[in-house]
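*Asks:* Residue numbers for the sequence shown follow my numbering, beginning at 1 and rising by one.
Yeah, the Cβ is synthetic: ideal placement off N, Cα and C, and Gly gets one too.
Note that the structure is predicted; figures quoted are calculated from it, not measured.
Got a structure for you, written out below as structure tokens; questions coming shortly.
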Amino acid sequence: MYFTEEHHIFRKSFRDFLQKEVVPYIDKWEREGAIERFIWEKFGEMGYFGLNQPEEYGGLNLDLFYTVIFLEELQRINSGGFAAAMWAHAYLNMSHLKAEASHEIKQKYLTPSIEGKKIGCLCITEPFGGSDVAGMRTTAIKKGDTYVINGSKTFITNGIYSDYLIVSAKTNPKEKHKGMSIFVVDRNTKGISSTKLDKLGWRASDTAEISFDNVVIPAENLLGEEGKGFGYIMQHFALERLIMGINAHARAEFAVEYAIQYMSEREAFGTTIDKFQVLRHKIAEMASKVDMCKEYNYSIAKRLNDGVYVVKEASMSKLLSTKMADEVIYDALQLLGGYGYMEDYPMARLLRDSRIGSIGGGTSEILKEIIAKMVIDGKDYKPVVKN
Ligand SMILES: Cc1cc2nc3c(=O)[nH]c(=O)nc-3n(C[C@H](O)[C@H](O)[C@H](O)COP(=O)(O)OP(=O)(O)OC[C@H]3O[C@@H](n4cnc5c(N)ncnc54)[C@H](O)[C@@H]3O)c2cc1C
Numbered sequence: 001m002y003f004t005e006e007h008h009i010f011r012k013s014f015r016d017f018l019q020k021e022v023v024p025y026i027d028k029w030e031r032e033g034a035i036e037r038f039i040w041e042k043f044g045e046m047g048y049f050g051l052n053q054p055e056e057y058g059g060l061n062l063d064l065f066y067t068v069i070f071l072e073e074l075q076r077i078n079s080g081g082f083a084a085a086m087w088a089h090a091y092l093n094m095s096h097l098k099a100e101a102s103h104e105i106k107q108k109y110l111t112p113s114i115e116g117k118k119i120g121c122l123c124i125t126e127p128f129g130g131s132d133v134a135g136m137r138t139t140a141i142k143k144g145d146t147y148v149i150n151g152s153k154t155f156i157t158n159g160i161y162s163d164y165l166i167v168s169a170k171t172n173p174k175e176k177h178k179g180m181s182i183f184v185v186d187r188n189t190k191g192i193s194s195t196k197l198d199k200l201g202w203r204a205s206d207t208a209e210i211s212f213d214n215v216v217i218p219a220e221n222l223l224g225e226e227g228k229g230f231g232y233i234m235q236h237f238a239l240e241r242l243i244m245g246i247n248a249h250a251r252a253e254f255a256v257e258y259a260i261q262y263m264s265e266r267e268a269f270g271t272t273i274d275k276f277q278v279l280r281h282k283i284a285e286m287a288s289k290v291d292m293c294k295e296y297n298y299s300i301a302k303r304l305n306d307g308v309y310v311v312k313e314a315s316m317s318k319l320l321s322t323k324m325a326d327e328v329i330y331d332a333l334q335l336l337g338g339y340g341y342m343e344d345y346p347m348a349r350l351l352r353d354s355r356i357g358s359i360g361g362g363t364s365e366i367l368k369e370i371i372a373k374m375v376i377d378g379k380d381y382k383p384v385v386k387n
């Protein structure tokens, strides 16, 4: 229903590319917590960072199902950290550049991002709190034709090795939602320091705490309008949350396929274990859950692609798909017995990488708040800019 012949060709070529260019390095990058530069440039050369970006800036301007394929295939090579580094760059920081940046800023940051020559990160969460976005304390105070940024951000994906940062800050600290703005900040600007964080999963990606100590940036680095930052962030959350829902169904699907393969080879009590009814029924249940989420996510991707503002649906997608993925992967690990717990088999990494699903990009509790406001109170949200 959603994929054309061209989509299938793209999937095959991207899958082959990942096997050839990425998979041989994954264990090294997982160990070192850093992804080498050459692969960013290769992604850029192949056009993978520009799938949904305008041709004027070097993008391919393709429909959202190319992005769906990009996300799904990244999950299938089983490094949530590598996948996160790539999709965060392509769809978190670059979404702000695409929608809110001026022509000059797009030329300076968006084009090299599409080419894989500049890496970006999106800095919203602060040590004092991530869920309460409007309560952020980082400030950006206008002084002449500059802004001066002070504060700190944490848990930032690509926060160490990126070349620029998309930063949210209060331009009017007395206000909550209405006082927030978004800026692009060059990594080399004086006063920026970052500390690498150690974490449970996503080990190939770098995650950082970042401090801004009197960081002076040109006023033209403001993205969009002053005071509209909260609206921009919320708007892009629709795509980010759907992305996390799609990632979840894709890694769960990979887990089910792997478990089926394993069960067809592993023997116990004189037969392969895929003959035991209790395990067959477990697989039937897991496969059904994956399919329910996958089909839902595709239908929401279609609506988003058609220009519908899918705030509620993307929240629902992330809420249930990430829960489903955690459950399915937990069960898939069980089907491998002791091998499921070993690093030589994919389930151990898959299990720890999956756990971030219900936390990053809006926790499940916050998503339930949004959904409840929409379904119980009839609240409606409107986009602030054209995506
Ligand atoms: C690996 C990783 C990568 C990340 N990458 C990025 C990134 O690139 N950029 C970025 O800006 N952020 C990033 N984050 C941050 C992530 O989005 C936040 O961790 C998340 O939004 C939660 O914020 P918090 O950790 O401050 O938790 P808190 O807001 O302190 O929440 C703690 C607990 O309280 C619950 N809670 C809070 N408020 C409510 C409420 N009103 N009702 C009910 N329950 C509530 C939460 O659901 C949670 O269970 C990343 C996080 C991780 C772990």
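#1: Rounded to whole angstroms, what's the CA-CA distance from T67 to E5? Just pull it up for me.
#2: Whole-angstrom Cβ separation of V133 and Y164, contact assumed at under 8 Å?
#3: Please go through the same chain and pick out, in chain order, the residues whose beta-carbon is closer than 6 Å to the beta-carbon of I141, but skip the five residues on each side of it.
#4: Note down the Cα distance separating T271 from I260, rounded to an integer number of angstroms.
#5: So is the beta-carbon of A88 under 7 Å away from any non-hydrogen atom of ligand 1?
#6: Give me the residue from Y339, G47 and I69 with the minimum Cα distance to N61.
#7: Please report the distance separating the alpha-carbon of I166 from that of I119.
#8: Can you tell me where the alpha helix (DSSP H) holding Y147 begins and where it ends?
#9: D163 by DSSP, collapsed to three states: which one?
#10: Would you check whether ligand 1 has a heavy atom nearer than 7 Å to the C-beta of G135?
#11: Compute the minimum distance between the beta carbon of K373 and the heavy atoms of ligand 1, and state whether it is under 7 Å.
#12: In this structure, how does DSSP classify E343 when only helix, strand and coil are distinguished?
#13: Measuring only the C-alpha atoms, how far is R137 from A169?
#14: Whole angstroms are fine: how far does the CA of F82 sit from the CA of A204?
#15: Who are the near neighbours of K106 in its chain, counting only those whose CB is closer than 7 Å to its CB and skipping five residues on each side?
#16: Please find out if some non-hydrogen atom of ligand 1 comes closer than 7 Å to the beta-carbon of S131.
#17: What do you reckon, is the C-beta of F70 under 7 Å from a heavy atom of ligand 1?
#18: Given 7 Å as the limit, tell me if W202 has its C-beta closer than that to any heavy atom belonging to ligand 1.
#19: By Cβ distance, which residues of its chain are closer than 7 Å to I18, with the 5 residues on each side in sequence left out?
#20: Please list the terminal residues of the continuous alpha helix (DSSP H) segment that includes A140.
#21: Just to confirm, is the Cβ distance from A325 to G357 under 8 Å?
#22: Would the segment 293-307 and the segment 221-229 be scored as touching if the rule is three or more Cβ pairs under 8 Å?
#23: For N158 versus C123, is the C-beta distance shorter than 8 Å?
#24: Any heavy atom of ligand 1 closer than 7 Å to the beta-carbon of L411?
*Replies:* Quick answer:
#1: As a first step, residue 67 is located in the sequence shown; it is residue number 67 there, counting from the start. As a first step, residue 5 is located in the sequence shown; it is residue number 5 there, counting from the start. So the two alpha carbons sit approximately 15 Å from each other.
#2: Here residue 133 corresponds to residue number 133 of the sequence shown, with the count starting at 1. Here residue 164 corresponds to residue number 164 of the sequence shown, with the count starting at 1. Contact flag wrong, Cβ pair sits at about 21 Å.
#3: Locating residue 141 in the sequence shown gives position 141, counting from the first residue. Answer for I141: V148, listed in chain order.
#4: Numbered from its first residue, the sequence shown carries residue 271 at position 271. Numbered from its first residue, the sequence shown carries residue 260 at position 260. Each residue's Cα considered, the two are about 15 Å apart.
#5: As a position in the sequence shown, residue 88 is number 88, starting the count at 1. Answer for A88: yes, Cβ within range of ligand 1.
#6: As a working mapping, residue 61 is identified with position 61 in the sequence shown. Ranking Y339, G47 and I69 by Cα distance to N61 puts G47 first.
#7: Within the sequence shown, residue 166 is the residue found at index 166, counting from 1. Within the sequence shown, residue 119 is the residue found at index 119, counting from 1. Computed Cα separation, rounded: 11 Å.
#8: Residue numbering aside, residue 147 sits at position 147 when the sequence shown is read from its first letter. It is not in any alpha helix (DSSP H) - Y147 instead sits in the beta strand (DSSP E) that spans T146 to T157.
#9: Taking the sequence shown and counting its residues from 1, the one referred to as residue 163 is at position 163. Note: D163 maps to coil in three-state DSSP.
#10: Here residue 135 refers to the residue found at position 135 of the sequence shown. The answer is no for G135.
#11: For the purposes of this step, residue 373 is taken as residue 373 along the sequence shown, with counting starting at 1. K373 Cβ: outside cutoff for every heavy atom of ligand 1.
#12: Here residue 343 refers to the residue found at position 343 when the sequence shown is read from its first residue. In the structure shown, E343 sits in coil (DSSP, three-state: anything other than H, G, I, E or B).
#13: For this step, residue 137 is matched to residue 137 along the sequence shown. For this step, residue 169 is matched to residue 169 along the sequence shown. Their Cα atoms are separated by approximately 7 Å.
#14: Residue mapping note: residue 204 aligns to position 204 of the sequence shown, counting from 1. Residue mapping note: residue 82 aligns to position 82 of the sequence shown, counting from 1. For A204 and F82, the distance between alpha carbons rounds to 5 Å.
#15: Residue mapping note: residue 106 aligns to position 106 of the sequence shown, counting from 1. So the qualifying residues of the chain are Y57 and L97.
#16: Counting from 1 along the sequence shown, the entry for residue 131 is found at position 131. Yes, ligand 1 has a heavy atom inside 7 Å of this Cβ.
#17: Translated into positions along the sequence shown, residue 70 becomes position 70. F70: no, Cβ never under 7 Å from ligand 1.
#18: Here residue 202 refers to the residue found at position 202 of the sequence shown. At least one heavy atom of ligand 1 is nearer than 7 Å to the Cβ of W202, so yes.
#19: Residue numbering aside, residue 18 sits at position 18 when the sequence shown is read from its first letter. The sequence given here places Leu at residue 18; Ile does not occur at that position. If we look at L18 and ignore the five residues flanking it on each side, its Cβ neighbours are E73 and I77.
#20: By 1-based counting over the sequence shown, the position of residue 140 is 140. A140 -> not in any alpha helix (DSSP H); beta strand (DSSP E) instead, spanning T139 to K143.
#21: As a first step, residue 325 must be located in the sequence shown, where it is residue number 325. As a first step, residue 357 must be located in the sequence shown, where it is residue number 357. Yes; because the gap between Cβ atoms is below 8 Å, this pair is in contact.
#22: no
#23: Counting from one through the sequence shown, the residue named residue 158 turns up at place 158. Counting from one through the sequence shown, the residue named residue 123 turns up at place 123. Result no, Cβ atoms of N158 and C123 do not sit closer than 8 Å.
#24: With the chain covering 1 to 387 only, the question about residue 411 has no answer from this structure.
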